[in-house]
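Presented below is the structure to which this report refers.
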Amino acid sequence: MQAQELTRRERERIRQRQEILQAALNLFSERGYHNVSMHEIAAASEF
Numbered sequence: 053m054q055a056q057e058l059t060r061r062e063r064e065r066i067r068q069r070q071e072i073l074q075a076a077l078n079l080f081s082e083r084g085y086h087n088v089s090m091h092e093i094a095a096a097s098e099f
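Its first residue numbered 53, the sequence shown is counted upward by one per residue in the working numbering.
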C-alpha cells in the first residue's frame with residue numbers, strides 16, 4: 053500500500069503542534085513545569 057500524502061492543512065497542523073511543544077519544552081527547562089502558564093506557552097509559540 054502507498055502512504056497517503058498529507059494535505060496542506062494537515063502539514064500546517066503538525067507544524068503548529070511541533071512549535072507549541074518546542075516552546076513548552078523550552079519554557080519548562082528554563083523555569084520549571086509549575087512556573088509556566090498556557091498563556092506563556094501560547095505567547096512563546098506565537099499563537
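Backbone N, C-alpha and C fix where the C-beta goes; we use that ideal spot for every residue, glycine too.
If you look at Glu71, you'll find it in the alpha helix (DSSP H) that goes Arg60 to Arg83. Where His91 is concerned, the enclosing alpha helix (DSSP H) starts and stops at Met90 to Ala96. Taking C-beta atoms as the reference points, Leu79 and Ala96 count as a pair closer than 8 Å.
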